[in-house]
Structures are given as structure tokens and as C-alpha cells.
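Student: Which chain is which? The protein sequence lines are A and B, in order.
Going by our numbering, the first sequence opens with residue 399, and the numbers climb by one from there.
Going by our numbering, the second sequence opens with residue 11, and the numbers climb by one from there.
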Amino acid sequence: MSNIEEEILTKLSNRIIGYLKDDLSMQDIENSFTIEDVSKIDYKDITTFIALNGAMKGTVGMSVPSSLALQMVEGFIFGDYDKSELKDMSIENVAETLNITLGNILTDLSVVQNGSSVDISTPYTMHNSTTITKKSDGIMFVATLTYNDQQILLSYFR
Amino acid sequence: MALALVVDDAKIMRANVKKMLEQLGYETIEAENGAEAISMYEKYNPDFVTMDITMPEVEGIKNGIEAVEEIIKIDYQAKIIMVTSHGEQDKVIKAIKAGAMNYILKPIRFEKLEEVVMKVVVI
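Quick look at the structure:
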């Protein structure tokens with residue numbers, strides 16, 4: 399694994415752990431995570447992707463099971479909503495979670511610190527589990543975070 | 011009651027900001043893109059606006075910055091607060107140059123929104 403892939407997934411994983419703890423009151427998120435070089439990724443129920451352009455190209459993904467997405471939106475939303483409204487909003491909240499946390503770490507990336515710029519797209523979200531296979535000349539890495547035996551997958555591929 | 015226009019392409023972000031502003035005693039209307047924000051501003055003349063900085067292009071308005079430019083053409087005294095992520099400083103500077111008054115970072119916390127709104131509303 400080159401430094402750049404390790405850097406983005408490490409910084410994003412740490413930011414998401416902090417975000418879940420501090421902003422969503424999800425204290426049971428584990429502090430440790432793994433990063434692996436993989437040839438395919440079996441995503442969870444809700445997956446959102448953000449494309450990187452500029453000094454760093456590729457696609458960053460975040461994938462969570464529906465049950466965890468619901469817990470996340472309960473921690474995020476201000477005010478009272480019924481369960482069906484929360485379920486609807488939980489899908490969009492996964493996109494916002496990646497959008498916020500990726501935005502938060504962008505200026506900490508070494509390529510940006512060295513004076514280059516990296517742009518991020520608006521999120522694209524899928525609400526069903528899917529598998530993505532690495533291109534023959536591509537790279538693909540996945541970080542796995544754990545919250546109460548449920549997995550959060552963060553991916554980077556191009 | 012003062013009126014706030016909440017602009018964001020993400021329904022959940024609009025819902026959160028609306029609930030917070032309503033708790034602060036403001037009436038709210040919402041728009042989900044820059045083009046809609048411009049027409050809502052013209053129609054309702056709100057007391058202030060919260061504007062997401064990054065939104066998909068709709069009707070030629072590419073993002074929140076371009077929406078600010080157009081709203082300032084309508085009302086040069088418009089009070090606009092940009093909503094942004096930490097990594098978007100360049101965009102915030104452009105938005106302030108275009109006429110936005112202040113900004114708030116995501117994730118938005120109630121106390122911070124209250125502080126920024128109070129600063130903008132009293133100007």
C-alpha cells in the first residue's frame with residue numbers, strides 16, 4: 399500500500415471514529431480499525447461514494463448496514479421524528495456523514511499541505527448491497543471499523 | 011416573526027437547520043438548490059439565509075457561491091450565512107467576496123448556529 403491510500407483511509411477512519419463519538423454520541427465505536435488491499439468489496443446495505451479530483455484522483459466510499467444507519471441518524475438529527483421519517487433520512491445521513499468527514503480531513507492530506515488542491519464531488523448513494531471488483535490496472539483498499547459487532551466499511555479505489 | 015431561508019440539497023441538513031432555527035424562534039422556508047433559493051429570496055425577502063456552499067448545478071447555478079452572487083444582485087444588503095465543511099476554505103473566501111456575511115462549519119451544532127445567526131441578524 400502506498401502512503402497516499404494509507405493516509406486517506408487512516409485519517410478518514412480516525413475522523414469518523416471521532417465524529418461518531420463526539421457528534422453522534424455513539425461511544426461504542428472501537429478505536430482500532432484495519433486497512434486491507436483487496437480485489438473486491440462486498441458493500442453493506444447503504445453505500446455512498448464521493449469522487450476525488452485534482453491532485454488526488456479516485457473514489458472514496460462509506461458503507462453501513464441499515465440498522466447502523468438508523469442509529470447514526472438518531473444521533474445526528476435535531477428534534478423529534480417518527481421511525482419512518484428517520485429511516486428515510488438515514489440513507490441521506492450516510493452521504494452527509496462521508497461528505498462532512500471527508501471535507502474535514504481534506505486540508506490535512508499531505509498533497510494539500512504541499513500546496514496542491516483536491517476537489518470532492520457531491521455524494522452518490524446506493525440503497526442496496528453491491529459488490530465492486532478492482533479494475534485490472536486499478537487499486538482498491540478497504541478500512542473496517544466496528545461498532546457493537548456491526549461493520550462500517552470505508553473504501554478507496556481508482 | 012423573522013423569516014429564514016434554509017438552502018441545502020440534502021433534506022436531512024435542511025431538516026436539522028430548520029428545527030434549530032425554529033427553536034430559536036424563527037419562521038423558516040426552504041430551497042434545495044441555488045436556483046430555487048434565488049427565486050424564493052425574490053418572492054419572500056427573508057431576513058437571512060443559510061446557504062450550503064456545495065450543491066449540484068440546477069438551471070445554470072453551479073453552487074452556493076453563484077447563488078450568493080445572484081441574491082446580492084437582487085438585494086445588496088442580503089444576510090447570508092454559508093454552510094460548509096472544514097476543507098472548503100477557498101470556497102468560503104469566494105462566498106464572502108461575493109457578499110456572504112459569515113459561515114458555519116458542518117457538523118452544525120445548535121449553540122454555534124445560534125451564535126452565528128445572532129451576529130448576522132444584529133448587523
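Just so it is clear, CB atoms sit at the ideal spot from N, CA and C, and this is done for glycine as well.
Between the C-alpha atoms of Gly35 (chain B) and Gly456 (chain A), what's the straight-line distance to the nearest angstrom?
Tutor: 44 Å
Student: Taking Cβ-Cβ distances below 8 Å as the criterion, which residues of the segment 409–433 of chain A are in contact with chain B?
Tutor: Tyr417, Asp421
Student: Is the segment 117–126 of chain B in contact with the segment 16–35 of chain B, if contact means three or more CB pairs nearer than 8 Å?
Tutor: yes
Student: Which chain B residues sit within Cβ distance under 8 Å of Gly456 (chain A)?
Tutor: Going along chain B, no residue has its Cβ under 8 Å from Gly456 (chain A), so there is no contact; the nearest lies around 16 Å.
Student: Starting from the N-terminal side, write out each stretch of the alpha helix (DSSP H) that is 4 residues or longer and does not extend beyond the segment 465–495 of chain A.
Tutor: none
Student: Classify Lys104 (chain B): buried if its beta carbon has 16 or more other beta carbons within 10 angstroms, exposed otherwise.
Tutor: buried
Student: Anything in chain B within Cβ reach of Asn546 (chain A), meaning under 7 Å, just list it in chain order.
Tutor: Chain B residues near Asn546 (chain A): none, gap ~22 Å exceeds 7 Å.
Student: Tell whether a beta-carbon distance below 8 Å holds between Met487 (chain A) and Lys116 (chain B).
Tutor: no
Student: Examine the Cβ distances between the segment 507–514 of chain A and the segment 420–440 of chain A and report whether three or more of them are shorter than 8 Å.
Tutor: no
Student: If you count every other CB in all the chains shown that lies within 10 Å of the CB of Asn526 (chain A), and 16 or more means buried, which is it?
Tutor: exposed
Student: Does any CB atom of chain B fall closer than 8 Å to the CB of Glu494 (chain A)?
Tutor: yes
Student: Taking contact to mean 3 or more Cβ pairs, one atom from each stretch, closer than 8 Å, check whether the segment 58–69 of chain B and the segment 86–103 of chain B are in contact.
Tutor: yes
Student: Quick one, are the C-beta atoms of Ile448 (chain A) and Leu410 (chain A) less than 8 Å apart?
Tutor: no
Student: What's the C-alpha gap between Glu40 (chain B) and Val127 (chain B)?
Tutor: 16 Å
Student: To which residues of the same chain is Gly452 (chain A) closer than 6 Å at the C-beta, ignoring the five residues directly before and after it?
Tutor: Ser515, Val516, Asp517
Student: Does the Cβ of Asp19 (chain B) have 16 or more other Cβ atoms within 10 Å, making it buried, or fewer, making it exposed?
Tutor: Buried, since its Cβ has 16 or more Cβ neighbours within 10 Å.
Student: Is the beta carbon of Ile489 (chain A) less than 8 Å from the beta carbon of Thr523 (chain A)?
Tutor: Yes, they are a contact pair.
Student: For the candidate residues B:Tyr113, B:Gly109, B:Tyr86, B:Gln87, whose alpha-carbon lies nearest to that of Gln99 (chain B)?
Tutor: B:Tyr113
Student: Kindly confirm or deny that the segment 530–539 of chain A and the segment 471–485 of chain A touch, where touching means at least three C-beta pairs closer than 8 Å.
Tutor: no
Student: Spatial neighbours of Ser461 (chain A) within its chain, please: CB distance less than 6 Å, with the 5 preceding and 5 following residues excluded, ordered by chain position.
Tutor: Tyr441, Lys442, Thr445, Leu551
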